[in-house]
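Below is one structure, written out as structure tokens; comments come after it.
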Amino acid sequence: MWTPPSHPAFPLREKHPAQQGDGRGGLPPRREQLLQARIKDLSLRLAGTPLERHIDQLHAELEARGISFKPQCYLSDEWGCPSGVPVIGVPFYLADPDLHSIEAELGGSVETEGEILMYLRHEAGHAFNYAYQLYETEEWRKVFGDYSRPYRDDYKARPFSRRYVHHIAGWYAQKHPDEDFAETFAVWLTPDSDWRKRYQGWGALRKLQYVEEAVARLGRTPPLVQLAQPDLTTEEMEGTVLDHYRQRELDEKVDLELRDAFDQFLEDIFEGPGVAPVRAETLVRAERQRLLSSVSHYTGVSPSVVRALLDHLGDRTASLGLTLHPDDSREAALRIASLVTALAMNHLYTDRFFEE
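Sequential numbering of the sequence shown, starting at 1, is according to the working numbering.
Given below as structure tokens:
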């Protein structure tokens with residue numbers, strides 16, 4: 001069983017918020033038990049929770065709109081669809097009311113029932129896109145843009161643009177063509193959204209019409225992608241609930257320190273957007289567990305630091321839209337391993353991944 005080191009390389013607050021008691025000598029027993037439990041040992045399930053009802057509603061909405069495809073949902077560390085795989089990950093803390101309360105405190109907020117349905121519809125848009133590989137078609141590209149375009153977290157939104165629908169806060173449709181489609185699909189799917197009237201005269205109306213036409217053409221046909229392999233399930237989450245929040249803090253610190261400092265190295269290892277047939281992030285994600293184990297073992301660097309580093313490089317690979325020729329996979333894997341090992345060793349001896 002892995003536990004965080006006593007003196008993590010990135011210092012956390014002297015007392016993590018999750019460890020705060022009531023001032024009388026300890027934490028409530030149920031809270032203490034949850035924080036110290038490994039997530040994989042909590043036996044969390046969708047069945048019998050309010051989430052099951054929300055997922056049933058999503059599936060009913062899809063059926064009512066002429067879509068036979070019903071994406072599989074599973075509990076994970078966050079919302080998301082693995083790239084190219086038509087399944088939906090749902091945050092594990094939504095499956096237990098006590099975990100829900102911990103997330104509300106440590107995460108600063110927690111999803112309402114209405115927001116859960118919004119996110120489910122959004123992720124269903126990704127799943128439909130991946131299931132029928134719409135993003136690979138010329139028509140989709142003409143309407144939404146190039147799927148291989150770099151994925152930027154620091155996008156500059158245009159709040160009054162009429163080219164995009166409004167759904168998730170933060171003008172999320174403007175982040176990337178894939179998000180544009182998912183948001184458009186969510187608005188189209190939402191009961192009583194009255195999208196024809198709401199978006200009359202907007203450039204976004206053509207995108208909503210595309211969704212309607214695509215569903216009419218494909219909704220009752222079998223998906224092209226039958227793969228339903230989740231990315232990270234709760235059964236695979238070895239860390240404790242407290243580890244999860246510590247890791248979230250660490251991920252934010254690593255992202256803040258590294259930013260785009262190693263983009264050039266990744267661009268040297270992989271091909272540019274659209275050059276090769278395989279998304280480079282697929283290789284980085286596939287190598288993640290092996291590298292986490294071997295690099296932390298041979299360098300002595302905390303697994304939590306190595307994990308944060310690997311996740312950052314994976315996210316940057318996806319953001320840049322980098323690609324890979326299958327025949328180059330072995331060499332690319334070796335170069336990624338060398339890069340991660342070098343960065344980990346640098347961190348071990350200098351407490352930083354690189355010098356400014």
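Quick reminder that beta carbons are idealized off the backbone N, C-alpha and C, glycines included.
Exposure label - Lys197; buried when at least 16 CB within 10 Å: exposed
Best match in Arg53, Glu281, Lys40 for proximity to Gly321 [C-alpha to C-alpha]: Glu281
Range of the contiguous beta strand (DSSP E) that encloses Leu375: The shown model of the chain, from 1 to 356, leaves out residue 375, and the question about it has no answer.
To which residues does DSSP link Glu105 through a beta bridge? According to DSSP, which records beta bridges pairwise, Glu105 is partnered with nothing at all.
For Tyr151, does the count of other Cβ atoms within 10 angstroms reach 16, so buried, or fall short, so exposed? buried
Which first and last residues belong to the beta strand (DSSP E) in which Val90 is found? 87-91
Three or more C-beta pairs closer than 8 Å, one from the segment 128-136 and one from the segment 83-93: is that the case here? yes
Quick one: using the 10 Å Cβ neighbour count with 16 as the cut-off for buried, is Val225 buried or exposed? exposed
With a Cβ-Cβ cutoff of 8 Å, do Val284 and Thr233 count as a contact? no
Determine whether the beta carbon atoms of Leu369 and Ser304 lie at a separation below 8 Å. Summary: the structure shown does not reach residue 369, with the chain confined to residues 1 through 356, and so no result is reported for it.
Output yes or no for whether 8 Å exceeds the beta carbon distance between Cys81 and Ala127. yes
Quick one: what does DSSP say Thr240 is sitting in, helix, strand or coil? strand
C-beta atoms of Glu236 and Lys40 nearer than 8 Å: yes
Does Thr350 pass the burial test, meaning 16 or more other C-beta atoms within 10 Å, or should it be called exposed? exposed
Rounded to a whole number of angstroms, what is the C-alpha to C-alpha distance between Trp188 and Val110? 25 Å
For Thr240, which residues of its own chain have a beta-carbon under 8 Å away from its beta-carbon, when the five flanking residues on both sides are left out? Thr3, Leu35, Gln36, Ala37, Arg38, Ile39
Grab me the residues of Ser296's own chain with a C-beta within less than 6 Å of its C-beta, minus the 5 sequence neighbours each way, in chain order. Pro303, Val306
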